[in-house]
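The block underneath contains the structure these notes are about, expressed in structure tokens.
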Amino acid sequence: MFEISTPSWSSGPIRLLRGRSQRRLGLRPRPGPFGVILRCRSIHTFGMHAPIGVVALDASGKVIGTVVVPPRRVVGIRRARWIIEVPAGRLPAVGEPALLRRAGAAGE
Numbered sequence: 030m031f032e033i034s035t036p037s038w039s040s041g042p043i044r045l046l047r048g049r050s051q052r053r054l055g056l057r058p059r060p061g062p063f064g065v066i067l068r069c070r071s072i073h074t075f076g077m078h079a080p081i082g083v084v085a086l087d088a089s090g091k092v093i094g095t096v097v098v099p100p101r102r103v104v105g106i107r108r109a110r111w112i113i114e115v116p117a118g119r120l121p122a123v124g125e126p127a128l129l130r131r132a133g134a135a136g137e
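Numbering (my numbering), first residue to last: 30 to 137.
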């Protein structure tokens with residue numbers, strides 16, 4: 030488990046999804062107590078039952094976009110290198126630097 034934080038926001042525990050099948054599922058069918066991070070430029074919410082928060086990071090780790098995405102939508106952010114999916118709610122400010130760190134033993 031990992032956590033991503035900016036000066037004004039923290040993702041809470043997130044999992045790095047690897048492989049096509051893990052990335053295809055993302056947070057389906059509902060966001061849980063954790064989020065996910067994917068190396069991609071777009072996501073979809075087909076199969077979701079609730080909106081999700083999406084945070085896009087560029088190659089340097091800076092937040093370049095945030096959006097709450099309702100079910101049955103596709104979102105693409107061309108400059109994104111990483112997409113973080115979290116339960117909908119408060120999201121970081123665009124332009125903030127993000128820091129990825131491994132969650133402590135309590136979060137694993």
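Where is the CB? At the ideal position from N, CA and C, for every residue including glycine.
Exercise. Considering only C-alpha positions, which residue in the set Val84, Arg47 and Ile33 is nearest to Ile106?
Worked result: Residue Val84 is the option with its Cα nearest to Ile106.
Exercise. Who are Ser39's beta bridge partners in DSSP?
Worked result: Looking at the DSSP output, Ser39 bridges to Ser34.
Exercise. For Arg130, which of Ile66, Arg49, Gly48 and Val123 has the nearest alpha-carbon?
Worked result: Looking at the Cα atoms, Ile66 is the closest of the given residues.
Problem set entry | Pairwise C-alpha distance: Arg44 and Gly124 | Taking the straight line from one Cα to the other gives about 23 Å.
Problem set entry | Three-way DSSP call (helix, strand, coil) for Arg49 in this model | Three-state result, Arg49: helix.
For this session: Take Pro126 and list the residues in its own chain whose beta-carbon comes closer than 7 Å to its own, dropping the five residues that flank it on each side.
Result: Listed in chain order, the non-local C-beta contacts of Pro126 below 7 Å within the same chain comprise Thr35, Gly90 and Lys91, local neighbours out to five positions each way being set aside.
For this session: Would you decide whether Phe31 is buried or exposed? Buried here means 16 or more other CB atoms lie within 10 Å of its CB.
Result: Counting Cβ neighbours within 10 Å, Phe31 comes out buried, since at least 16 surround it.
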